[in-house]
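The block underneath contains the structure these notes are about, expressed in structure tokens.
Protein chains: 2
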Amino acid sequence: MEANMVESRKKRTNMKDVAQLAGVSTTTISRFLNGDLNKMSTKTAARISDAIEKLNYTPSAAARQMVTHSSKMIAVIVANIDDYFSTELFKGISSFLEANGYIAVLFDSNASSEKEKGIIKTITSYNFDGIIFQPTSSSMENINSEIHFEIPMVIVDRNLDTTRWPQVLTDNYQSARKATLSFKKEGYEHVIVLTSKIDSVSTRRERYLGIRSTIQDTDIIEISEETYNRKMILKQIENLLNKNGKKTLIFALKERWFLEFIPPLLSKGYFQNNKITTTGFADTSIARTISPKAKLINQNPFLMGGISAELILKILKREKIKSKKVIVPAKIK
Amino acid sequence: MEANMVESRKKRTNMKDVAQLAGVSTTTISRFLNGDLNKMSTKTAARISDAIEKLNYTPSAAARQMVTHSSKMIAVIVANIDDYFSTELFKGISSFLEANGYIAVLFDSNASSEKEKGIIKTITSYNFDGIIFQPTSSSMENINSEIHFEIPMVIVDRNLDTTRWPQVLTDNYQSARKATLSFKKEGYEHVIVLTSKIDSVSTRRERYLGIRSTIQDTDIIEISEETYNRKMILKQIENLLNKNGKKTLIFALKERWFLEFIPPLLSKGYFQNNKITTTGFADTSIARTISPKAKLINQNPFLMGGISAELILKILKREKIKSKKVIVPAKIK
Numbered sequence: 001m002e003a004n005m006v007e008s009r010k011k012r013t014n015m016k017d018v019a020q021l022a023g024v025s026t027t028t029i030s031r032f033l034n035g036d037l038n039k040m041s042t043k044t045a046a047r048i049s050d051a052i053e054k055l056n057y058t059p060s061a062a063a064r065q066m067v068t069h070s071s072k073m074i075a076v077i078v079a080n081i082d083d084y085f086s087t088e089l090f091k092g093i094s095s096f097l098e099a100n101g102y103i104a105v106l107f108d109s110n111a112s113s114e115k116e117k118g119i120i121k122t123i124t125s126y127n128f129d130g131i132i133f134q135p136t137s138s139s140m141e142n143i144n145s146e147i148h149f150e151i152p153m154v155i156v157d158r159n160l161d162t163t164r165w166p167q168v169l170t171d172n173y174q175s176a177r178k179a180t181l182s183f184k185k186e187g188y189e190h191v192i193v194l195t196s197k198i199d200s201v202s203t204r205r206e207r208y209l210g211i212r213s214t215i216q217d218t219d220i221i222e223i224s225e226e227t228y229n230r231k232m233i234l235k236q237i238e239n240l241l242n243k244n245g246k247k248t249l250i251f252a253l254k255e256r257w258f259l260e261f262i263p264p265l266l267s268k269g270y271f272q273n274n275k276i277t278t279t280g281f282a283d284t285s286i287a288r289t290i291s292p293k294a295k296l297i298n299q300n301p302f303l304m305g306g307i308s309a310e311l312i313l314k315i316l317k318r319e320k321i322k323s324k325k326v327i328v329p330a331k332i333k
Numbered sequence: 001m002e003a004n005m006v007e008s009r010k011k012r013t014n015m016k017d018v019a020q021l022a023g024v025s026t027t028t029i030s031r032f033l034n035g036d037l038n039k040m041s042t043k044t045a046a047r048i049s050d051a052i053e054k055l056n057y058t059p060s061a062a063a064r065q066m067v068t069h070s071s072k073m074i075a076v077i078v079a080n081i082d083d084y085f086s087t088e089l090f091k092g093i094s095s096f097l098e099a100n101g102y103i104a105v106l107f108d109s110n111a112s113s114e115k116e117k118g119i120i121k122t123i124t125s126y127n128f129d130g131i132i133f134q135p136t137s138s139s140m141e142n143i144n145s146e147i148h149f150e151i152p153m154v155i156v157d158r159n160l161d162t163t164r165w166p167q168v169l170t171d172n173y174q175s176a177r178k179a180t181l182s183f184k185k186e187g188y189e190h191v192i193v194l195t196s197k198i199d200s201v202s203t204r205r206e207r208y209l210g211i212r213s214t215i216q217d218t219d220i221i222e223i224s225e226e227t228y229n230r231k232m233i234l235k236q237i238e239n240l241l242n243k244n245g246k247k248t249l250i251f252a253l254k255e256r257w258f259l260e261f262i263p264p265l266l267s268k269g270y271f272q273n274n275k276i277t278t279t280g281f282a283d284t285s286i287a288r289t290i291s292p293k294a295k296l297i298n299q300n301p302f303l304m305g306g307i308s309a310e311l312i313l314k315i316l317k318r319e320k321i322k323s324k325k326v327i328v329p330a331k332i333k
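Line by line, the protein sequences are chains A and B. Sequential numbering of the first sequence, starting at 1, is according to the UniProt record's numbering. Sequential numbering of the second sequence, starting at 1, is according to the UniProt record's numbering.
This is how it looks when you write it as structure tokens:
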């Protein structure tokens with residue numbers, strides 16, 4: 001890995017090469033890299049973009065620092081600020097950055113890949129020093145094309161099949177498996193899984209597989225973040241509970257679904273005998289106060305935020321990063 | 001008011017006047033207004049700042065558009081994203097702006113006036129088109145000096161003694177009064193008020209005065225947002241409940257305190273007879289699921305966000321704004 005880096009540094013094409021191939025001045029190249037696209041024609045921009053691609057040119061951090069002046073702003077893109085995970089993550093990022101003279105700036109994709117694309121476009125056109133990014137989808141297909149150049153970036157809470165960016169993750173599979181196992185020991189044989197759309201996001205898939213590795217009899221209720229009908233979902237859960245004779249565990253793959261659906265089931269008395277119980281990923285004290293005795297899985301998003309912030313500052317300082325994937329283990333308590 | 005505006009427009013000093021007095025070029029002035037302070041000495045910046053103050057120069061929206069190119073980014077500063085009010089407000093702003101080709105960008109003061117100052121400094125130095133601002137304190141003393149020039153700004157959720165910026169507010173006094181009145185009719189004679197530091201923020205003062213206008217026998221529990229100890233606060237509430245023989249209403253001045261402290265009191269059985277009851281300002285469905293029968297005050301932060309976004313776009317388009325204070329009535333239900 002390191003040998004490779006040294007080699008690629010020797011061969012690194014520089015701004016002059018790009019300028020020559022595109023037939024423009026280096027000033028124009030630096031404008032392009034700065035995102036000052038207003039000052040050039042679309043034709044010129046396209047020519048530069050082509051030249052960059054042909055030469056596989058990546059401005060070094062140093063080159064970027066020369067052409068851009070640091071704004072001390074780090075963009076944080078979260079998939080949905082309605083999730084407590086996201087606000088806690090942002091608090092963690094923000095407090096670490098603040099202590100180092102940077103400011104964290106939050107963008108909300110609102111669970112929409114279209115909006116996410118627009119945000120990435122805006123960020124890469126303006127003077128942000130780096131991005132900490134929780135994508136709406138693990139494929140990143142949607143936005144790969146929007147990331148013109150090597151803006152420092154850290155991916156959080158999504159497991160991607162790439163080493164292009166460092167990733168900060170929870171041990172989703174293991175912690176979901178461990179929690180399920182402890183309920184299996186108490187005789188639970190059936191799981192109702194409450195989740196957002198499961199296929200598009202690694203986090204959810206891993207959690208589901210962790211559950212399935214322990215208890216095979218599972219029902220999934222997929223909830224659309226934009227358009228769900230609370231009463232209908234509740235009805236679905238109750239139907240499954242009444243149909244199935246086994247001891248059942250209701251497993252919320254994220255806190256929001258726990259907070260939305262567990263209290264009404266509680267007040268209807270479903271958890272009074274031990275035939276039905278509940279668990280889920282939950283990071284705030286509110287989930288705890290709703291169900292004081294529940295065993296919950298805590299991801300520590302604040303710490304995940306702090307680690308992501310530390311990583312992005314390391315990249316900015318061109319320090320070596322030891323691990324491309326940092327796993328922050330969740331706690332079950 | 002309008003006559004005044006026409007008059008001041010005739011007399012408006014322009015960029016040339018400022019350049020002349022400061023002894024620099026208009027390009028330098030426009031750099032200053034753009035916040036490109038890195039490209040000039042501190043001395044020059046100070047001279048320009050003095051000249052602007054002496055001439056009472058305010059760049060018109062048109063002048064600003066000439067010197068800055070629009071970034072299509074609106075900065076939203078909230079007092080604390082841990083409050084559901086703030087995230088809902090942001091969702092409202094964001095969806096309205098998005099529909100109009102703008103992007104909302106969130107900054108979190110984290111209940112710290114020091115941090116707020118740093119954020120204002122950053123925003124006014126960079127290329128944001130406007131600010132929607134929920135200050136940590138109603139005095140604004142802290143940050144008045146940081147706002148060099150007339151960046152379009154809308155204040156939300158704080159009632160300020162100024163007409164410099166439009167304000168979007170709830171009818172805090174009236175809605176707190178109305179809610180308290182309905183409980184007084186049911187025989188409640190004593191109120192325990194759960195609030196963050198009450199003196200610094202208009203919203204809280206108004207709500208408290210609304211309560212006091214109806215029931216005089218009140219106890220206030222002030223909770224520090226940064227350092228509160230849950231158990232201690234709970235103990236305080238319980239002591240007050242046990243000491244006072246009257247029928248008591250626990251009134252949470254914001255949702256976070258409702259969610260933190262009502263569930264544990266619920267599970268301890270405090271609300272089982274009707275001697276003790278609860279209400280509060282609460283905007284999410286979670287408060288409702290915790291206490292399905294509680295009468296709660298809903299501010300509609302999403303709508304307040306939408307209105308703030310509409311106002312900032314009007315200012316950007318130099319449209320006339322009818323009312324300097326927009327009151328969005330809260331609903332009690």
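All C-beta atoms in this analysis are idealised placements derived from N, C-alpha and C, irrespective of residue type, glycine included.
Simplified DSSP assignment, three categories, for residue i
{"i": "Lys-333 of chain A", "result": "coil"}
{"i": "Asn-229 of chain A", "result": "coil"}
{"i": "Leu-311 of chain B", "result": "helix"}
{"i": "Phe-133 of chain A", "result": "strand"}
{"i": "Met-73 of chain A", "result": "strand"}
{"i": "Val-156 of chain A", "result": "strand"}
{"i": "residue 404 of chain A", "result": "No answer is possible for residue 404 of chain A: the residues shown for chain A start at 1 and end at 333."}
{"i": "Asn-300 of chain B", "result": "coil"}
Closer than 8 Å to chain B by CB, residue i
{"i": "Gly-23 of chain A", "result": "no"}
{"i": "Tyr-126 of chain A", "result": "yes"}
{"i": "Leu-89 of chain A", "result": "no"}
{"i": "Thr-122 of chain A", "result": "yes"}
{"i": "Phe-183 of chain A", "result": "no"}
{"i": "Ile-77 of chain A", "result": "no"}
{"i": "Val-67 of chain A", "result": "Reliability fails at Val-67 of chain A, whose pLDDT of 49 lies under 50, so the model's placement of it is uncertain and no value is given."}
{"i": "Gly-118 of chain A", "result": "yes"}
{"i": "Glu-98 of chain A", "result": "yes"}
{"i": "Glu-260 of chain A", "result": "yes"}
{"i": "Thr-289 of chain A", "result": "yes"}
{"i": "Ala-62 of chain A", "result": "Its pLDDT being 43, under 50, Ala-62 of chain A is placed unreliably by the model, and the measurement read from it follows with that caveat. No - not a single Cβ of chain B is within 8 Å of the one on Ala-62 of chain A."}
Test: residue i CB closer than 8 Å to a CB of chain A
{"i": "Ser-115 of chain B", "result": "Going by the sequence as given, residue 115 of chain B is Lys instead of Ser. Lys-115 of chain B counts as touching chain A."}
{"i": "Lys-317 of chain B", "result": "no"}
{"i": "Met-73 of chain B", "result": "yes"}
{"i": "Ser-285 of chain B", "result": "yes"}
{"i": "Val-328 of chain B", "result": "no"}
{"i": "Thr-110 of chain B", "result": "With the sequence shown as reference, residue 110 of chain B is identified as Asn, and Thr is not the correct amino acid for it. So, interface residue."}
{"i": "Leu-106 of chain B", "result": "yes"}
Selected residue, minimal CA-CA separation from residue i, among the options
{"i": "Thr-162 of chain A", "options": "A:Lys-325, A:Ala-330, A:Lys-333 and A:Lys-235", "result": "A:Lys-325"}
{"i": "residue 335 of chain B", "options": "A:Ser-138, A:Asp-82 and A:Ser-71", "result": "Residue 335 of chain B is absent from the structure shown; chain B starts at 1 and stops at 333."}
{"i": "Ile-120 of chain A", "options": "A:Ile-132, A:Glu-146, A:Ala-104 and A:Met-140", "result": "A:Glu-146"}
{"i": "Asn-14 of chain B", "options": "B:Phe-258, B:Asp-83, B:Thr-278 and B:Leu-55", "result": "B:Leu-55"}
{"i": "Thr-279 of chain B", "options": "B:Ile-332, B:Pro-264 and B:Ala-45", "result": "B:Ile-332"}
{"i": "Ala-99 of chain A", "options": "B:Ile-192, B:Ser-94, B:Glu-114 and B:Ser-95", "result": "B:Glu-114"}
{"i": "Arg-230 of chain A", "options": "A:Lys-246, A:Arg-204 and A:Leu-194", "result": "A:Leu-194"}
{"i": "Ile-192 of chain B", "options": "B:Thr-27, B:Leu-259, B:Tyr-57 and B:Ile-276", "result": "B:Ile-276"}
Limits of the unbroken beta strand (DSSP E) element including residue i
{"i": "Ala-111 of chain A", "result": "Counting along the chain, Ala-111 of chain A falls outside any beta strand (DSSP E), and DSSP gives it neither H nor E."}
{"i": "Leu-194 of chain B", "result": "190 to 195"}
{"i": "Phe-251 of chain A", "result": "248 to 252"}
{"i": "Gly-167 of chain B", "result": "Here residue 167 of chain B is Gln; the residue named in the question, Gly, does not match the sequence. Segment 167 to 170, the beta strand (DSSP E) holding Gln-167 of chain B."}
{"i": "Thr-278 of chain B", "result": "276 to 280"}
{"i": "Lys-325 of chain B", "result": "325 to 328"}
Where residue i falls, given that 16 or more other Cβ within 10 Å makes a residue buried
{"i": "Ser-224 of chain A", "result": "exposed"}
{"i": "Gly-187 of chain A", "result": "exposed"}
{"i": "residue 344 of chain B", "result": "Nothing can be reported for residue 344 of chain B: it is not among the residues displayed for chain B, which extend from 1 to 333."}
{"i": "Arg-318 of chain B", "result": "exposed"}
{"i": "Ala-101 of chain A", "result": "Just to set this straight, residue 101 of chain A is Gly in the shown sequence, not Ala. The residue is exposed, with fewer than 16 neighbouring Cβ atoms inside 10 Å."}
{"i": "Gly-269 of chain B", "result": "exposed"}
{"i": "Asn-172 of chain B", "result": "buried"}
{"i": "Leu-311 of chain B", "result": "buried"}
{"i": "Asn-110 of chain B", "result": "buried"}
Residue i - containing alpha helix (DSSP H), residue span
{"i": "Phe-271 of chain A", "result": "Unbroken run through Phe-271 of chain A: none, as it is neither H nor E."}
Proximity test, residue i beta-carbon vs the ligand NAD heavy atom, cut-off 7 Å
{"i": "Ala-111 of chain A", "result": "As presented, the structure is devoid of all ligands, the ligand NAD included, so that no description of it is given."}
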